[in-house]
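> I have a structure I would like to understand better, so I am pasting it below and will then ask my questions one at a time.
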Amino acid sequence: MRTEKVHNYFCKKCGVHAFHGGDIPEVGGEFITVNIACLDDVDDEEKAGFAVRYADGKGDNWWNEPKVTKHL
Numbered sequence: 016m017r018t019e020k021v022h023n024y025f026c027k028k029c030g031v032h033a034f035h036g037g038d039i040p041e042v043g044g045e046f047i048t049v050n051i052a053c054l055d056d057v058d059d060e061e062k063a064g065f066a067v068r069y070a071d072g073k074g075d076n077w078w079n080e081p082k083v084t085k086h087l
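Just so you know, we're using the numbering used here here: the sequence shown kicks off at 16 and counts up by one.
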């Protein structure tokens with residue numbers, strides 16, 4: 016049985032999914048993620064340089080990056 020807890024946070028003004036936070040042992044424990052589209056004063060070139068890690072929580076495939084990520 017899985018015991019992790021994940022919380023989804025929404026913008027009070029527009030309702031967009033801005034943040035996630037929680038505790039998933041398979042990914043190293045506590046984490047926070049940020050929807051980069053919600054960041055002010057960050058240009059597209061800077062966003063393109065951010066490190067990205069893909070994970071498939073639905074399939075419990077936390078560490079194997081998909082072969083194709085263009086659609087993500």
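For every residue, glycine included, the Cβ atom is placed at its ideal position computed from N, Cα and C. Quick caveat, the model's predicted, so the values are computed rather than measured.
Who are the Cβ neighbours of A33 in its own chain at under 6 Å, not counting the five residues just before and after it?
Cβ neighbours of A33 beyond the five flanking positions: Y24, C26, N50 and C53.
> Contact criterion: CB-CB distance below 9 Å. Does D58 meet it with respect to chain B?
Note that chain B does not occur in the displayed structure, where there is just one protein chain.
> Which two residues bound the contiguous beta strand (DSSP E) that contains E45?
Where E45 is concerned, the enclosing beta strand (DSSP E) stretches over G44 to V49.
> Would you tell me roughly how many angstroms separate the C-alpha atoms of I39 and G64, rounded to the nearest one?
C-alpha separation (whole angstroms): 26 Å.
> Mapping DSSP to helix, strand and coil, what is K20?
The answer is strand: DSSP assigns K20 an E or B state.
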